Amino acid sequence: MIPTTFTFLLFAACAFAADNSTKVNVTVYYESLCPDSAKFITTQLVPTWEKMMDNIDLVLVPYGKSTSEKTENGTKINCHHGEEECVGNRIQSCILEGSAIPNMTAQVKIIDCLMKEAKKEQPYPTKSCVTKVGGLDVEKVTMALESCANSTRGEELLMKNGEKTKAFEDPLANVPAVTMNGMKDKDAIADFHAAMCKASANKIESCNKKNSSPALVASLVLPLVASVFLVKL
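Numbered by mature numbering (1 follows the signal peptide of the UniProt record, and there is no 0), the letters in the sequence shown go through residues -17 to -1, 1 to 216 in order.
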């Protein structure tokens, strides 16, 4: 009886100490040449993504405070930081569409690079960032992304991002803006890791590594085992 009870208690304690992970739905509304967007993505989002990617259902929406207007030739998008940003927004929309780069991890790495390297009045660093990510056919992927961005497909993808942005908030008050499980979270901009831990109720391993430490397991198991032996005595 005692071995069976011990096995049960040990299993229960280990289950308690294990990572009870969960998915958090995260959407980021941003602009490709916005300094605040670049700061958030490169210093908050991506470092946390690298630790918690299995726990994040991530949607990136490059559009921000862009506007659109009807013209004789259809719809024209005016980006917040000018036409150069429209190029960046279209490139990133084409990356996220997934045809050229199906892997989400590679998509995030390239966008991280683009947000670090892109500068106004300079060619958009698509090829440079595709090269730095590694493991991709640089010429093929770069050509696919630039062809997409310079075609009606790129414009369509950007317009869809505009629709998503307006459905979230019209006009968009701040860039970047982040939602966690559908709710706007202003605190996520300053500390995305903490926001993830809050949204997951600290169920993600990196939120509280002490929960899975051998010392904690021992502290949970030993008193329970001792009590079982005392009862038997």
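Cβ coordinates follow ideal geometry from the N, Cα and C atoms, glycine included.
None of these values were measured; they are calculated from a predicted model.
Three-way DSSP call (helix, strand, coil) for ASN61 in this model: strand
Rounded straight-line distance, which links the Cα of PHE175 to that of GLN105: 30 Å
8 Å CB neighbourhood of ASN144 in its chain, flanking five on each side removed: VAL44, PRO45, TYR46, ASN72 and SER76
Euclidean distance between Cα positions of LYS22 and VAL11: 13 Å
Neighbour-count burial assignment, SER134, 16 or more Cβ in a 10 Å radius: exposed
Separation of ILE187 from CYS(-4), as counted between CA atoms: Bear in mind that a pLDDT of 44 at CYS(-4), under 50, signals an unreliable position, so the model cannot answer this.
Cutoff 7 Å; reference PRO18; Cβ partners in own chain excluding five residues on either side: none
Beta-carbon proximity of MET36 to SER189, cut-off 9 Å: no
Through-space distance from MET166 to ALA150, alpha-carbon basis: 13 Å
Reduced DSSP category for ALA1 - H, G, I as helix; E, B as strand; rest coil: With a pLDDT of 38 at ALA1, under the threshold of 50, the predicted position of this residue should be treated as unreliable, though the coordinate-derived value follows. The answer is coil: DSSP assigns ALA1 none of H, G, I, E or B.
Same chain only: Cβ atoms within 7 Å of CYS180, ignoring 5 sequence neighbours per side: ILE187 and CYS190
Sub-9 Å separation of SER20 and VAL158 beta-carbons: yes
Three-state secondary structure assigned by DSSP to LEU140: helix
GLY57 versus ALA177 - alpha carbon distance: 44 Å
SER49, buried or exposed, once every other Cβ within 10 Å from all chains shown has been counted against 16: buried
Integer Cβ distance of ASP95 from VAL29, believed to fall under 8 Å: 5 Å
Cβ-based neighbour list, THR25, same chain, cut-off 7 Å, excluding 5 preceding and 5 following: ASP95, MET98 and LYS99
PRO18 in three-state terms, based on DSSP: helix
Check whether GLU67 and LYS103 have beta carbons under 9 Å apart: yes
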